[in-house]
Amino acid sequence: MSAVTSPPRRKDLLDIESLSREEIVFLLETARPFKDLFTRSVKKVPALRGKTVLNLFFEPSTRTRASFEIAAKRLSADVTNLAITQSSVTKGESILDTVETMQSMKVDYMVVRHAGAGVPAFIAKHTPAAVINAGDGNHAHPTQALLDAFTMREAVGELAGRKILLVGDLLHSRVSRSVSTIARKLGMEIGIFAPGTLVPAGRPDYMQPFADFGAALEWGPDFVYLLRLQRERQAAHFFPSLREYHNVFGLTRERFVECRRRGIRIMHPGPVNRGVELVDEVLTYEHCLINRQVENGIAARMAVLYWLQPAVAPLPDEKEDAS
Ligand code: CP
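Under the numbering used here, the first residue of the sequence shown is numbered 4, with each subsequent residue one higher.
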């Protein structure tokens, strides 16, 4: 499917850190012909025919879950969505027992979202299925970063030397960790503008901090990436009020006009808190890439599913021979 040579296939995709630049570029190049399928009357290829993909989402999701389901179906895989709130997890079944139960049904891929950082990696060690991290706590969201890099490349071409400004809740955001890592690996410059209380300790030196939104826009970003305010992960009050947050860190009408004047592309992983991270007008701006990010999520996830290689599970009689 891809015109570029495939690097050796991996079993799992758990974060962006462990991917090389070559692997990232391969996935982005592979996503491109998959996106071309979307305008055809038949949007499917047979690449994963006979394979089964399990969506195992312990946290809510609209985009990622639907996007993985559509991506898998466009690759002709069979898809099962385990509804966690109606599953035996509610009766106290452990994650490991849940995984072993599903493994007995011979699934080939497990797409995992969980509030605990490291849960997808834990699952990956206990199953021959290929495991894809669909977001774990505040750790990583690698397919979000891949779809974002794909979207930025689609908008401006080569990303090396381009600038991205991350705005908002860096502390709780798995998206900001994965997006800043992929941006760095692709040679972009990274600026950050966030409440001091929402910047993680040990911020890397390559992230350039800004003290106000105006100075950050003067820096000349190609992309302003607004992070979602993660109200569900905030145990403490990190700023006085939502109105205060919007006034200082939000894309207000005035700042939006400045972004439009400069032709800056606006991104957000969704779901958007309207009136907090941005004003409504942003969503109809010609350089607002938010819907494009969602569309491209399917192509990026098709590329990931296509590339990963589940380990071959031993057949029952092989297991017996080994014991
Ligand atoms: N961007 C993202 O992860 O959105 P969902 O929570 O809707 O999947």
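Built from N, CA and C at the ideal position, the CB exists for glycine as well.
{"query": "Beta-bridge pairing of Q233 - partner residues as DSSP gives them", "result": "None, per the DSSP bridge assignment."}
{"query": "Sub-8 Å separation of L286 and L230 beta-carbons", "result": "no"}
{"query": "With 16 other Cβ atoms within 10 Å as the buried cut-off, status of A118", "result": "exposed"}
{"query": "CB-CB length for R165 against D225, believed under 8 Å", "result": "5 Å"}
{"query": "Opening and closing residue of the alpha helix (DSSP H) in which M155 lies", "result": "145–159"}
{"query": "Close beta carbons around Y309, own chain, < 6 Å, minus the five adjacent residues each side", "result": "A50"}
{"query": "Coil, strand or helix - Y112 by DSSP", "result": "strand"}
{"query": "Proximity below 8 Å, CB of A132 to CB of P313", "result": "yes"}
{"query": "Where the beta strand (DSSP E) containing M270 begins and where it ends", "result": "268–270"}
{"query": "Local Cβ density within 10 Å of E192, reported as buried at 16 or more and exposed below that", "result": "buried"}
{"query": "Contact test: T88 Cβ vs the ligand CP heavy atom, cutoff 7 Å", "result": "no"}
{"query": "Three-state class that DSSP yields for A314 in the structure shown", "result": "coil"}
{"query": "Buried versus exposed, by CB contacts within 10 Å (16 or more), A127", "result": "buried"}
{"query": "Length of the line joining the Cα atoms of R304 and S23", "result": "18 Å"}
{"query": "Nearest neighbour of R68, chosen from A204, V307, R116 [CA to CA]", "result": "R116"}
{"query": "Classification of E257 by the beta-carbon crowding that lies within 10 angstroms, buried from 16 upward", "result": "exposed"}
{"query": "Boundaries of the beta strand (DSSP E) in which M191 is found, first to last residue", "result": "That residue, M191, is in no beta strand (DSSP E); it is neither H nor E in DSSP."}
{"query": "Contact check, F216 vs W222, beta carbons under 8 Å", "result": "no"}
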